[in-house]
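Asks: For reference, the structure I am asking about is given below.
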Amino acid sequence: MNRLAVALLGPTASGKSALALELAARLPVEIVSVDSAQVYRGMDIGTAKPSAAERAAVPHHLIDLVDPTEAYSAGRFRNDAIRAVTGILARGRLPLLVGGTMLYYRALVAGLDDLPKADPKIRAEIETQAAVRGWPAMHAELAAVDPASAARLRPTDPQRIQRALEVWRITGRPLSALQSASPPALPFTLLTFAIVPPDRAQLHQRIAARFDRLLAAGLVEEVKALRTRYELNAALPSMRAVGYRQVWEYLESAFSREALREKGIAATRQLAKRQMTWLRSFRAGYEIVDPAGGAARIAAILSEG
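Below you can see the structure in the form of structure tokens.
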């Protein structure tokens, strides 16, 4: 296991966390979170963070790094993840990167694009145009100049649409064309596995059950407490996370409690769909494992290597 790290990817509610903990019972593992929402302090229920007991039993990294008023980027994740992994390796243990934020995983293995810095004037122009035309129209504009980026972005994702249009207007080149030509070398070998649920209906059932558990555990009350503790607004990346965005809208009296449940489940399904799209783009880079026997399979592969 010298200089070797393992990554475990998969859509939300696919069983990644349970498999990771099972693997930790077999091997000297420390877990590195690959989750863009678990980095936020106080966002515990909606992100399904590991419990205090689980974190006591198995060391977890890259959790509770910033307040929900702050931003956290893929670039910062890459640096933090490499630092965490090398520290775990130095302790003679196995780094296990677990999560579903595929952009973070891609940043880790493929590096970051050499993109221009944000231009406040151009961003303001885009926001002004979006206020008049709507973000779906801005998404259509993006599709005309950068179809590859538009294809992976939802018309209701203003933050990323804005950035893609901003890059086009600054450089005259599509964001998708500025991808790194070759990945920078990592200071360790990364062996990647993925859970790819074959039954979409079963995954949807798991997603519904998961969101029901979050509501029962106090997700609404958690967001209320966060709004009291921090100066938050609906545009912050933390509050745009799936689940939190729907609760925010519910607290603004946009819809009923039953509608909150329906919208939360629907948003989580859409998240899972996007995660599966990312996974398909990584197809050559991982081995599929089943949650039921995945820990044994991964352990066996590591022992063979």
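Just so we're aligned: the sequence shown equals residues -12 to 292 in this note's numbering. The beta-carbon is built from N, C-alpha and C at its ideal position, and this holds for glycine as well.
DSSP state of ALA247, grouped into three classes?
Replies: It should be pointed out that residue 247 corresponds to Leu in this sequence rather than to Ala. Three-state result, LEU247: helix.
Asks: Compare the Cα-Cα distances from ALA117 to each of GLU153, ALA94, THR88, ASP133 and report the closest residue.
Replies: Selected option, being the one with the closest Cα: GLU153.
Asks: Buried or exposed: where does ALA11 fall if 16 or more other Cβ atoms within 10 Å of its Cβ makes it buried?
Replies: By the neighbour-count rule (16 or more Cβ atoms within 10 Å), ALA11 is buried.
Asks: Give the straight-line distance between the Cα atoms of VAL295 and VAL207, rounded to the nearest whole angstrom.
Replies: The first residue shown for the chain is -12 and the last is 292, placing residue 295 beyond what the model contains.
Asks: Buried or exposed for PRO184, please, with buried defined as at least 16 other CB atoms from any protein chain shown within 10 angstroms of its CB.
Replies: Counting Cβ neighbours within 10 Å, PRO184 comes out buried, since at least 16 surround it.
Asks: Within 10 Å of its beta-carbon, does ARG256 have 16 or more other beta-carbons around it, so buried, or fewer, so exposed?
Replies: With 16 or more Cβ atoms within 10 Å of its Cβ, ARG256 is classed as buried.
Asks: Do the stretch 84 to 91 and the stretch 61 to 68 make contact, defined as three or more Cβ pairs closer than 8 angstroms?
Replies: Because the criterion of three Cβ pairs below 8 angstroms is met, the stretch 84 to 91 and the stretch 61 to 68 touch.
Asks: Indicate the three-state DSSP secondary structure (helix, strand or coil) for SER38 in the structure shown.
Replies: SER38 falls in the coil class under three-state DSSP.
Asks: So, with DSSP's three-state summary, where would you put ALA283?
Replies: DSSP places ALA283 in helix when its eight states are reduced to three.
Asks: Rounded to the nearest angstrom, what separates PRO55 and ARG63 at their Cα positions?
Replies: Distance between the alpha carbons of PRO55 and ARG63 is about 16 angstroms.
Asks: Kindly indicate which residue of LEU14, ILE18, ARG13, ARG(-10) has the alpha-carbon position closest to the one of LEU(-4).
Replies: Of the listed residues, the one whose Cα sits closest to LEU(-4) is ILE18.
Asks: Alpha carbon to alpha carbon, what distance is there between PHE198 and ARG270?
Replies: Each residue's alpha carbon lies about 28 angstroms from the other.
Asks: Tell me, please, whether the stretch 238 to 246 touches the stretch 270 to 282 by the rule of three or more beta-carbon pairs shorter than 8 angstroms.
Replies: The stretch 238 to 246, when compared against the stretch 270 to 282, does not touch it at the 8 angstroms Cβ threshold.
Asks: Mapping DSSP to helix, strand and coil, what is SER1?
Replies: SER1 falls in the coil class under three-state DSSP.
Asks: Based on Cα-Cα distance, which residue from ARG93, ALA254, VAL(-7), ALA94 lies nearest to PHE141?
Replies: For clarity, residue 141 is Arg in the given sequence; the question names Phe instead. The shortest C-alpha separation from ARG141 is found at ALA254.
Asks: Do you know offhand how far GLY280's Cα is from LEU238's?
Replies: Going by the C-alpha atoms only, they are around 41 angstroms apart.
Asks: Could you please give the first and the last residue of the uninterrupted alpha helix (DSSP H) stretch that includes ILE75?
Replies: 61 to 77 is the extent of the alpha helix (DSSP H) around ILE75.
Asks: Let me confirm a value: THR(-1) is counted as buried when at least 16 other C-beta atoms fall within 10 Å, else exposed. Which label applies?
Replies: Classification for THR(-1): buried.
Asks: Which class does ALA(-8) belong to by DSSP, given the choice of helix, strand or coil?
Replies: Here ALA(-8) sits in strand by DSSP.
Asks: Taking only the alpha-carbon atoms, compute the straight-line gap between ARG78 and LEU213 and give it to the nearest angstrom.
Replies: Taking the straight line from one Cα to the other gives about 36 angstroms.
Asks: Alpha carbon to alpha carbon, how far is THR143 from TRP122?
Replies: C-alpha separation (whole angstroms): 6 angstroms.
Asks: With which residues is SER20 paired in a DSSP beta bridge?
Replies: Answer by DSSP bridge pairing, in chain order: VAL85.
Asks: For my contact list, GLU57 and LEU8 are in at a C-beta cut-off of 8 angstroms; report their separation, rounded to the angstrom.
Replies: GLU57 to LEU8, Cβ: 29 angstroms. No contact.
Asks: Kindly indicate the opening and closing residues of the beta strand (DSSP E) around THR143.
Replies: First-last for THR143: undefined, no H or E at that position.
Asks: Nearest to VAL16 by CA position, among GLU114, ARG147, LEU6, is which residue?
Replies: Taking only the C-alpha atoms, the option nearest VAL16 is LEU6.
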